[in-house]
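Chemist: Encoded as structure tokens, here's the structure I'll be asking about.
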Ligand SMILES: *[C@@H]1O[C@H](CO)[C@@H](O)[C@H](O)[C@H]1NC(C)=O
Ligand SMILES: *[C@@H]1O[C@H](CO)[C@@H](O)[C@H](O)[C@H]1NC(C)=O
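In the numbering used here, the protein residues as written are 1 to 253.
What follows is the structure, given as structure tokens:
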């Protein structure tokens, strides 16, 4: 094995020397080109990058920027890459994606990996017109209307949706659940309408209850009155009789 490692190391260092001498080491630090099944690949994995490097060869088909420390994707982060097909940005520290970040890639990009980052909330405008299959899993997503709009406007990479999980939510019961499951049960963009509907229902029910209780009270009161009236009526004939008696007595007298 040592015999194999030595020539490899020699070739590598020779390569580096050659690159440095010919001046084509204009590649960003930690990045190197590769040919992979006829695809021009550019690898910057594990390169401690803190931003998307400039000077990526414009004929790159596959770009690996995974396992770096990129915190943010600004507008036009990937311009001048007219034949880029696959972009791997997984395992970074991305918290924000500015709208227009993927501008210029819309027509040709077919795969975009943003998994294992720190994405909480991204506007769907950031992905506008993108036809790529997107992997958004393993991010601390805030499950709200904005995420619902985003998910509805992108095509998720096959099999990546199970680990697209709510990191936080206004509804405690959604935390830790797969977002597609939450979306199937709840329309997160109609939350406001729903609460107003509920408020209206409660108010209507309140009014209804008041009317009913008033009716019940009214009927009871009337029953009491009626009973009293009936008792009065019952007591009347005897009184009348008595008065009649007294009158007859008086007339007799
Ligand atoms: C890359 O840039 C060079 C020089 O600007 C240009 O001639 C070439 O056509 C570009 N390649 C692609 C694939 O756009
Ligand atoms: C999406 O990303 C996760 C986490 O990095 C990975 O395990 C999974 O294989 C990816 N899925 C696809 C379809 O790329």
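Cβ coordinates follow ideal geometry from the N, Cα and C atoms, glycine included.
Identify which residue in 134, 129, 201 has its Cα closest to the Cα of residue 111.
Modeler: It is 134 whose Cα lies nearest to the Cα of residue 111.
Chemist: For residue 31, which of 171, 143, 52, 213 has the nearest alpha-carbon?
Modeler: Closest by alpha carbon: 52.
Chemist: Of the choices 137, 107, 152, whose alpha-carbon is the least far from that of residue 167?
Modeler: If we check each option's Cα against that of residue 167, 137 comes out closest.
Chemist: With contact counted as at least three CB pairs below 8 angstroms, one residue from each stretch, are the region 117 to 126 and the region 94 to 103 in contact?
Modeler: The region 117 to 126, when compared against the region 94 to 103, does touch it at the 8 angstroms Cβ threshold.
Chemist: Give me whichever residues DSSP pairs with residue 204 in a beta bridge.
Modeler: Residue 204 pairs with nothing; no bridge assigned.
Chemist: Could you check whether residue 50 and residue 69 sit closer than 8 angstroms to each other, using their CB atoms as the reference points?
Modeler: Closer than 8 angstroms, so yes.
Chemist: Short of 6 angstroms in beta carbon distance, which residues of its chain neighbour residue 93, apart from the five on each side in sequence? Order them along the chain.
Modeler: Closer than 6 angstroms at the Cβ level, and outside the excluded window around residue 93, lie 69, 71, 118.
Chemist: Could you tell me which of 34, 84, 127 sits nearest to residue 254, measuring between CA atoms?
Modeler: Residue numbering for the chain in the displayed model covers 1 to 253; residue 254 lies beyond these limits and cannot be assessed.
Chemist: How would you call residue 46, buried or exposed, if buried means at least 16 neighbouring beta carbons within 10 angstroms?
Modeler: The residue is exposed, with fewer than 16 neighbouring Cβ atoms inside 10 Å.
Chemist: Could you tell me if residue 144 is buried or exposed, where buried requires 16 or more neighbouring beta carbons within 10 angstroms of its beta carbon?
Modeler: Classification for residue 144: buried.
Chemist: On a CA-only basis, which of 222, 129, 114, 91 is nearest residue 106? Give me that one, please.
Modeler: Of the listed residues, the one whose Cα sits closest to residue 106 is 129.
Chemist: Restricting to Cα atoms, I'd like to know which of 176, 86, 29 is closest to residue 48.
Modeler: Cα-wise, what sits closest to residue 48 is 29.
Chemist: With distance defined between alpha-carbon atoms, name the residue in 104, 35, 76 nearest to residue 84.
Modeler: The shortest C-alpha separation from residue 84 is found at 104.
Chemist: Would you say the beta carbon of residue 66 comes nearer than 7 angstroms to a heavy atom of ligand 1?
Modeler: No, since every heavy atom of ligand 1 falls outside the 7 angstroms radius drawn around the Cβ of residue 66.
Chemist: Is there at least one non-hydrogen atom of ligand 3 closer than 7 angstroms to the beta-carbon of residue 116?
Modeler: This structure lacks ligand 3; the ligands present are ligand 1 and ligand 2.
Chemist: Taking 7 angstroms as the line, does the beta carbon of residue 76 fall inside it for any heavy atom of ligand 2?
Modeler: Answer for residue 76: no, Cβ out of range of ligand 2.
Chemist: Please classify residue 266: does DSSP put it in a helix, a strand, or coil?
Modeler: Nothing about residue 266 can be reported from this structure: the residues present for the chain run from 1 to 253 only.
Chemist: For the alpha helix (DSSP H) containing residue 102, list its first residue and its last residue.
Modeler: First-last for residue 102: undefined, no H or E at that position.
Chemist: Please report the Cβ distance between residue 178 and residue 164, rounded to the nearest whole angstrom; I am assuming they are in contact, meaning their Cβ atoms lie under 8 angstroms.
Modeler: Confirmed, about 6 angstroms.
Chemist: Cβ of residue 115 within 8 angstroms of Cβ of residue 153?
Modeler: Result no, Cβ atoms of residue 115 and residue 153 do not sit closer than 8 angstroms.
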